[in-house]
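Position one of the sequence shown corresponds to residue 54 (this note's numbering), numbered consecutively onward. Take a look at the structure below.
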Amino acid sequence: MLLKRVEKKLKKGAIVLFHDHLEFLPRFLPLFLDYLLKEGYTVVGLDQLLQLQAYKKTQ
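Right, dumping it as structure tokens:
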């Protein structure tokens with residue numbers, strides 16, 4: 054199962070990438086996020102993880 058494969062590679066500061074064309078992603082992502090929260094992980098955006106200012110669109 055995908056969750057088991059991802060679990061093995063998780064560590065502090067890990068970046069997990071899922072491609073949005075995967076049909077199962079809308080069903081899997083809530084399960085994965087629940088797992089992370091139950092395990093004590095904090096889910097943040099990439100800008101926060103890398104301590105970057107978020108991209109701001111200019112005119």
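For each residue, glycine too, the CB sits at the ideal point set by N, CA and C.
query: Within 9 Å, strictly: CB atoms of Y88 and L56; result: yes
query: Between the CA atoms of T111 and R58 - distance to the nearest angstrom; result: 40 Å
query: Reduced DSSP secondary structure (H/G/I, E/B, other) of Y88; result: helix
query: Contacting residues, own chain, Cβ-Cβ under 7 Å from T95 (five flanking each side not counted); result: none
query: Proximity below 9 Å, CB of L75 to CB of V69; result: no
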